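Written below as structure tokens is the structure these notes are about.
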Amino acid sequence: DSGVTQTPKHLITATGQRVTLRCSPRSGDLSVYWYQQSLDQGLQFLIQYYNGEERAKGNILERFSAQQFPDLHSELNLSSLELGDSALYFCASSVAPREYGYTFGSGTRLTVV
Amino acid sequence: DQQVKQNSPSLSVQEGRISILNCDYTNSMFDYFLWYKKYPAEGPTFLISISSIKDKNEDGRFTVFLNKSAKHLSLHIVPSQPGDSAVYFCAAVETSGSRLTFGEGTQLTVNP
Chain A
8 DSGVTQTPKH
18 LITATGQRVT
28 LRCSPRSGDL
38 SVYWYQQSLD
48 QGLQFLIQYY
58 NGEERAKGNI
68 LERFSAQQFP
78 DLHSELNLSS
88 LELGDSALYF
98 CASSVAPREY
108 GYTFGSGTRL
118 TVV
Chain B
0 DQQVKQNSPS
10 LSVQEGRISI
20 LNCDYTNSMF
30 DYFLWYKKYP
40 AEGPTFLISI
50 SSIKDKNEDG
60 RFTVFLNKSA
70 KHLSLHIVPS
80 QPGDSAVYFC
90 AAVETSGSRL
100 TFGEGTQLTV
110 NP
């Protein structure tokens, strides 16, 4: 157990629908990062939150949004889903990302049918 | 624009031999480099990092080498074990930043 909790582990939904992925960071970590891994692709940065505030944005589609709550858990909302959104979505947290990197959760596998 | 590239999608080695995984980068603002290992159905796990002021960092069987002039880093695993079979990602972070940029990954298979 890495200490970063992601739910659900698997999600199957239809095109056009909306889903919410949830992440609880490791205790004490203020930063949350979201990454997308599509089939045979590397990890693509989506967005970072630090203590409730958006800190950095990557290649995140306008149909996607995220937030971090006062208890530091984060949610990634994906709407108007398309087949191409099928991917693994990872959440990570860190206290010293440069020296020790991130601690990742086990991911949510989203399948859009 | 792929700033971190792992040109070998896969590598196969014999147990006990050395595994060498390579990574190239283009962004001169990167000043920390990291390697991650990922097993199926799990999130990536941190292995080892290196600062740009160093050219080598060791941790047990894992050694990372950095060649700044060539913008190249490599991960050496000696001796390789079957349990090392996984996808390895290199990653980099810019000066004063915290966002990791990842390569595409290399699937390492260690054969008994």
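Protein chains in written order, with this note's numbering: chain A, 8 to 120; chain B, 0 to 111.
Each residue gets a CB set at the ideal place from its N, CA and C atoms; glycine is no exception.
Everything numeric in this text was worked out from a predicted model, so none of it was measured.
Taking Cβ positions only, does residue i come closer than 8 Å to chain A?
i	result
Phe-33(B)	Going by the sequence as given, residue 33(B) is Leu instead of Phe. So yes, Leu-33(B) belongs to the interface.
Hey, would you say residue i sits closer than 8 Å to residue j, going by beta carbons?
i	j	result
Thr-100(B)	Asp-30(B)	no
Ala-73(A)	Trp-41(A)	yes
Phe-88(B)	Leu-50(A)	yes
Ser-51(B)	Leu-33(B)	no
Phe-111(A)	Gly-42(B)	yes
Asp-58(B)	Ser-18(B)	no
What is the rounded straight-line gap between the Cα of residue i and the Cα of residue j?
i	j	result
Gln-13(A)	Thr-25(B)	33 Å
Leu-53(A)	Ala-85(B)	24 Å
His-80(A)	Pro-111(B)	42 Å
Leu-74(B)	His-17(A)	32 Å
Arg-60(B)	Asp-78(A)	39 Å
Lys-4(B)	Arg-105(A)	19 Å
Ser-11(B)	Ser-79(B)	10 Å
Lys-92(B)	Arg-98(B)	The amino acid occupying residue 92(B) in the given sequence is Val; Lys does not appear at that position. Rounded to the nearest angstrom, the two C-alpha atoms are 6 Å apart.
Ser-34(A)	Pro-15(A)	19 Å
Here's the rule: buried if 16 or more other CB atoms are within 10 angstroms of the residue's CB, otherwise exposed. What is residue i?
i	result
Thr-118(A)	exposed
Ile-76(B)	buried
Leu-46(B)	buried
Phe-76(A)	exposed
Thr-22(A)	exposed
Tyr-107(A)	exposed
Gln-43(A)	buried
Glu-89(A)	exposed
Leu-20(B)	buried
Answer yes or no: does any C-beta atom of chain B fall closer than 8 Å to that of residue i?
i	result
Gly-49(A)	yes
Arg-29(A)	no
Tyr-96(A)	no
Glu-106(A)	yes
Subject >> Minimum length 3: unbroken beta strand (DSSP E) runs contained in the stretch 30 to 103 of chain A >> reply: 38 to 44, 50 to 57, 60 to 64, 71 to 75, 81 to 85, 94 to 101
Original post:
Taking the runs of the beta strand (DSSP E) that are 3 residues or longer, which of them lie wholly in the stretch 57 to 100 of chain B?
Top reply: 61 to 66, 71 to 76, 85 to 93
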